[in-house]
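These notes are about the structure you will find just below.
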Amino acid sequence: MSNELAEYTGGNYILSEESQVIQQRRQKALELEQQGIELFPNDIKKPERAGAIKKVYGNYDAEDLEKVEDSFRVAGRIMALRRFGKAAFANIKDASGSIQIHVMRDRVGKDVYKIFKKFDIGDLIEVEGRLFRTRTGELTIEADRIRLVTKSMRPLPEKYHGIKDKELRYRRRYEDLVMNEDVLETFRTRARIIQMLRTYFVSNGFLEVETPMMQSIVGGATAKPFVTHHNALGIDLFLRIAPELYLKRLLVGGCERVFELNRNFRNEGISIQHNPEFTMLEFYEAYATYEDLMVRTEELFAQIAMDVKGATRFQYQGMDVDLTPPWKKMTLHQSLVEVGKVPEEELVDRDALLARLSGLGVEMDRDEPLGKYLTKLFDLLVEPNLIQPTFITRYPTDISPLARRNAENPEVTDRFELFITGREIANAFSELNDPRDQKARFEEQVANRGDDEEIPPEVDYDYIRALEIGMPPAAGEGIGVDRLVMLMTDSASIRDVILFPQMRPVSSPGKGDAEPVEPVKGSK
RNA sequence: GGGCCGUUAACUCAGUCGGUAGAGUAUCUGCCUUUUAAGCAGAGAGUCGCUGGUUCGAGUCCAGCACGGCCCA
16 MSNELAEYTG
26 GNYILSEESQ
36 VIQQRRQKAL
46 ELEQQGIELF
56 PNDIKKPERA
66 GAIKKVYGNY
76 DAEDLEKVED
86 SFRVAGRIMA
96 LRRFGKAAFA
106 NIKDASGSIQ
116 IHVMRDRVGK
126 DVYKIFKKFD
136 IGDLIEVEGR
146 LFRTRTGELT
156 IEADRIRLVT
166 KSMRPLPEKY
176 HGIKDKELRY
186 RRRYEDLVMN
196 EDVLETFRTR
206 ARIIQMLRTY
216 FVSNGFLEVE
226 TPMMQSIVGG
236 ATAKPFVTHH
246 NALGIDLFLR
256 IAPELYLKRL
266 LVGGCERVFE
276 LNRNFRNEGI
286 SIQHNPEFTM
296 LEFYEAYATY
306 EDLMVRTEEL
316 FAQIAMDVKG
326 ATRFQYQGMD
336 VDLTPPWKKM
346 TLHQSLVEVG
356 KVPEEELVDR
366 DALLARLSGL
376 GVEMDRDEPL
386 GKYLTKLFDL
396 LVEPNLIQPT
406 FITRYPTDIS
416 PLARRNAENP
426 EVTDRFELFI
436 TGREIANAFS
446 ELNDPRDQKA
456 RFEEQVANRG
466 DDEEIPPEVD
476 YDYIRALEIG
486 MPPAAGEGIG
496 VDRLVMLMTD
506 SASIRDVILF
516 PQMRPVSSPG
526 KGDAEPVEPV
536 KGSK
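For the working numbering, count along the first sequence from 1 and bump the result up by 15.
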């Protein structure tokens, strides 16, 4: 064959040559068509599920099955094909599982068998017949009728090893899903976790809302945003980095319990833990404090673990994790001293902190708020060691612009971050609802931002206005859903829990070849 | 942004000291009516990621680039 040589044509790719295997498939498809076989019919009645048949008849022995006179009609993809001249076995896979079929020339008829001989692994077919058990004991459908449902024009990956190349798995998730059983299982678990999150909050009286994805002022977190432009309004808009300021406006509006489960976008690095778009759950509860949210979080995570894992104690990437409440609590200072082995007196000493960071290979500006040095040290020395669930509390006020000050010590906030398996998985605090303090902190934040910022920082004065109307005392939390799913599915990379993770588009022929792209009609 | 590793047939992978490009699966042909990584016999299939360099000769050595993976910032 000649590889799929792609020609660069100004953004689109056209296959100039095809592999031999694909040419042969096209040829076969043509031959079938000439014999009057529809390659892509649309009149297939809803079939039985392979898994359901197996569930009901899985325990029947050969004699029992002979008494079952019903015919069963399934449809699915041919995953394996073993031909013997005038008969063949095939494995047919649908969303519920797979089932073996047996096709005999003398049963389906010469003409049909001739057509069947042109079917390939990867084709979707429909089969109808009675159940029997083979000599080796496998429940099998003896085909009376067989029909092509969708012709596959391209060969599937190798049947035994499947598709292993991670790049191809992420770029061609459809193929990954066809070949690798566990992938669908992971995403089923993901769906179940999201369902449980939703059920938990709804049943606790939280209102699910949707707030803007496109915002004119970046707020609610510190991260670089994606910029887009609205033509009619003539303004730049930012894809949200967090929904926080909108959800708290709803607290002002009288929604005492709200949550949003949706995507955030951050224009930063891609890593094993970061995808530019990721799923965040944020919830806000009036008349609750960050301490109440600790209890909720423990309860929620334990419930999810029980459902997914059947226990609150399980393995993650070889680590033993125990989510049984209550979880460990530590202040940021404590964690730096006890886990990070930083002498306590250093924690208030700018020079000592900078020196220690420098020793760790991190150079930071001298005029950063002290809290930044502490959290940097925390990231390096403490976070990786927090394997068991741990709430870290009392974050410095200077790095927590939206959190309520602690009543005894206004230099720290009523805030926690949750760490499991050395990773941040949630962030929560009692909400700052004093508009005067909020305004001062916003303005200070804006004043302190460097000139090198690509996006000029802006104070959200409408949010201040909302606080002036009056926001009830409340606490709010954000949970990184992808990371939670990673934990519960024992996935090492965030890409394994996002169906289509962000990848750089392929711009040259070769591995990960772009498929032929027809120029989009009407596009420039 | 830095380091290490990878990129060879549609897929999974070998490829020794620099000397004509290999296997299995898949495909095609023939045989085969209870197989299940079916079997047997045969065949076709490659711009060795891209570009340049060294060399009589490069999949192999060197440089740059692209994409990806892992680790670090």
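We treat Cβ as the ideally placed atom computed from N, Cα and C, and that holds for glycine.
If you run the structure through DSSP and keep just helix, strand and coil, what is residue 350?
Locating residue 350 in the first sequence gives position 335, where the first residue counts as 1. Of the three classes helix, strand and coil, the one that applies to residue 350 here is helix, per DSSP.
Self-check item: Within 9 Å, strictly: CB atoms of residue 450 and residue 271
Solution: As a position in the first sequence, residue 450 is number 435, starting the count at 1. As a position in the first sequence, residue 271 is number 256, starting the count at 1. No, these two residues do not count as a Cβ contact at 9 Å.
Which residues bound the beta strand (DSSP E) around residue 60?
-> What you label residue 60 is simply residue 45 of the first sequence in a count that begins at 1. Segment: none, residue 60 is in no beta strand (DSSP E) and carries neither H nor E.
Do residue 428 and residue 418 have their C-beta atoms within less than 9 Å of each other?
Locating residue 428 in the first sequence gives position 413, counting from the first residue. Locating residue 418 in the first sequence gives position 403, counting from the first residue. Yes, they are a contact pair.
query = So, residue 164 versus residue 139, is the Cβ gap smaller than 9 Å?
reply = To locate residue 164, count along the first sequence from 1; it is residue 149. To locate residue 139, count along the first sequence from 1; it is residue 124. A contact, by the Cβ cut-off of 9 Å.
Check: Should residue 221 and residue 298 be called a contact, given that it needs their Cβ atoms to be closer than 9 Å?
Finding: Translated into the one-based positions of the first sequence, residue 221 becomes position 206. Translated into the one-based positions of the first sequence, residue 298 becomes position 283. Closer than 9 Å, so yes.
task: Give the C-beta separation of residue 276 and residue 205 to the nearest angstrom, bearing in mind that I take them to be a contact with Cβ-Cβ under 8 Å.
output: Residue 276 sits at position 261 when you count from the first residue of the first sequence. Residue 205 sits at position 190 when you count from the first residue of the first sequence. That belief does not hold up - the Cβ atoms of residue 276 and residue 205 are roughly 12 Å apart, past 8 Å.
When you compare only the Cα positions, how much space is there between residue 351 and residue 345?
As a first step, residue 351 must be located in the first sequence, where it is residue number 336. As a first step, residue 345 must be located in the first sequence, where it is residue number 330. Going from the Cα of residue 351 to the Cα of residue 345 covers about 10 Å.
- With a threshold of 16 other CB atoms inside 10 Å of the CB of residue 36, please say whether the residue is buried or exposed. Sequence index remark: in the first sequence, residue 36 carries index 21 (1-based). Residue 36 is exposed by the Cβ-count criterion.
Assuming the contact rule is C-beta atoms closer than 8 Å, residue 103 and residue 89 should be a hit. Round their C-beta distance to whole Å, please. Here residue 103 refers to the residue found at position 88 of the first sequence. Here residue 89 refers to the residue found at position 74 of the first sequence. 16 Å between Cβ atoms; not a contact.
Report task. Measure from the alpha carbon of residue 413 to the alpha carbon of each residue in 453, 399, 394, 47, then state which is nearest. Result -> In the first sequence, counting from the first residue as 1, residue 413 sits at position 398. The shortest Cα separation from residue 413 among 453, 399, 394, 47 belongs to 453.
Requested in this report: Pull up the DSSP beta-bridge partners for residue 295, would you.
Outcome: If you number the first sequence from 1, residue 295 lands on position 280. The partner list for residue 295 (beta bridge, DSSP) reads 277, 495.
- Item | Distance between beta carbons of residue 497 and residue 293, contact taken as under 8 Å | What you label residue 293 is simply residue 278 of the first sequence in a count that begins at 1. What you label residue 497 is simply residue 482 of the first sequence in a count that begins at 1. Their Cβ separation, rounded to whole angstroms, is 5 Å, which keeps residue 293 and residue 497 in contact under 8 Å.
Can you have a look at residue 431 and say buried or exposed, based on whether 16 or more other CB atoms are within 10 angstroms of its CB? Along the first sequence, one-based indexing puts residue 431 at 416. The residue is buried, with at least 16 neighbouring Cβ atoms inside 10 Å.
- So, residue 332 versus residue 505, is the Cβ gap smaller than 9 Å? One-based indexing of the first sequence puts residue 332 at position 317. One-based indexing of the first sequence puts residue 505 at position 490. Cβ distance < 9 Å, so residue 332 and residue 505 count as in contact.
Taking the alpha helix (DSSP H) that residue 283 belongs to, which residues open and close that run? Along the first sequence, one-based indexing puts residue 283 at 268. That residue, residue 283, is in no alpha helix (DSSP H); it is neither H nor E in DSSP.
Beta-bridge pairing of residue 377 - partner residues as DSSP gives them: For the purposes of this step, residue 377 is taken as the residue at position 362 of the first sequence. BP columns for residue 377 are empty, so no partner.
Should the region 476-492 be regarded as contacting the region 439-446, the criterion being three or more beta carbon pairs within less than 8 Å?
yes
Cβ distance (whole Å) where residue 485 is taken to contact residue 267 below 8 Å
Within the first sequence, numbered from 1, the residue matching residue 485 stands at position 470. Within the first sequence, numbered from 1, the residue matching residue 267 stands at position 252. Indeed they touch by this definition, with Cβ atoms about 7 Å apart.
- Contact the region 47-63 vs the region 169-189: 3+ CB pairs below 8 Å: no
If you draw a straight line from the C-alpha of residue 401 to the C-alpha of residue 38, how long is it? Sequence index remark: in the first sequence, residue 401 carries index 386 (1-based). Sequence index remark: in the first sequence, residue 38 carries index 23 (1-based). In a straight line, the C-alpha of residue 401 is about 55 Å away from that of residue 38.
| query | What do you get for residue 137, buried or exposed, if any count of 16 or more other CB atoms within 10 angstroms of its CB means buried? | reply | Taking the first residue of the first sequence as 1, we reach residue 137 at position 122. Residue 137 should be labelled buried.
**Request:** Report the rounded CA-to-CA distance for residue 239 versus residue 203, giving the unit in angstroms.
**Result:** As a position in the first sequence, residue 239 is number 224, starting the count at 1. As a position in the first sequence, residue 203 is number 188, starting the count at 1. Each residue's alpha carbon lies about 32 Å from the other.
Practice item. Classify residue 60 as buried or exposed, calling it buried when 16 or more other Cβ atoms lie within 10 Å of its own Cβ. Key: Taking the first sequence and counting its residues from 1, one reaches residue 60 at position 45. Per the 10 Å Cβ criterion, exposed.
Given this structure, state the Cα-to-Cα distance separating residue 232 from residue 335, to the nearest angstrom.
Position 217 of the first sequence, counting from 1, holds the residue named residue 232. Position 320 of the first sequence, counting from 1, holds the residue named residue 335. Near 42 Å, if we compare the C-alpha coordinates of residue 335 and residue 232.
* Give a yes or no on whether the C-beta atoms belonging to residue 375 and residue 396 are separated by under 9 Å. => For the purposes of this step, residue 375 is identified with residue 360 of the first sequence, where counting begins at 1. For the purposes of this step, residue 396 is identified with residue 381 of the first sequence, where counting begins at 1. The answer is yes: Cβ separation under 9 Å.
Where the beta strand (DSSP E) through residue 216 begins and ends | If you number the first sequence from 1, residue 216 lands on position 201. Residue 216 -> not in any beta strand (DSSP E); alpha helix (DSSP H) instead, spanning 196-218.
Pairing CB atoms from the region 66-86 with CB atoms from the region 142-161, are three or more of them under 8 Å?
yes
Original post:
Quick one: Cα of residue 176 to Cα of residue 424, how far?
Top reply: Reading the first sequence from its first residue, position 161 is the one you call residue 176. Reading the first sequence from its first residue, position 409 is the one you call residue 424. For residue 176 and residue 424, the distance between alpha carbons rounds to 59 Å.
Quick one: is residue 105 buried, meaning 16 or more other Cβ sit within 10 Å of its Cβ, or exposed? For the purposes of this step, residue 105 is identified with residue 90 of the first sequence, where counting begins at 1. Counting Cβ neighbours within 10 Å, residue 105 comes out buried, since at least 16 surround it.
- Query: Taking 8 Å as the cut-off, is the CB of residue 435 close to at least one heavy atom of the ligand COA?
  - Reply: Ligands are entirely absent from the displayed structure, and the ligand COA is therefore not among its contents.
| query | Which residue or residues does DSSP assign as beta-bridge partners of residue 10? | reply | In the structure as shown, the chain begins at 16 and stops at 539. Residue 10 is therefore absent and cannot be evaluated.
Point to revise | Three-state secondary structure assigned by DSSP to residue 403 | key: To locate residue 403, count along the first sequence from 1; it is residue 388. It is coil, neither helix nor strand.
- [ ] May I ask which residues mark the beginning and end of the alpha helix (DSSP H) holding residue 110?
- [x] For the purposes of this step, residue 110 is identified with residue 95 of the first sequence, where counting begins at 1. Careful: residue 110 lies outside any alpha helix (DSSP H) and carries neither H nor E.
Run the CB neighbour count on residue 461, radius 10 Å, all protein chains shown included, and call it buried at 16 or more, exposed below. Working through the first sequence from its first residue, we reach residue 461 at position 446. Per the 10 Å Cβ criterion, exposed.
Original post:
What is the residue span of the beta strand (DSSP E) that residue 157 lies within?
Top reply: Counting from one through the first sequence, the residue named residue 157 turns up at place 142. Start and end: 154-165.
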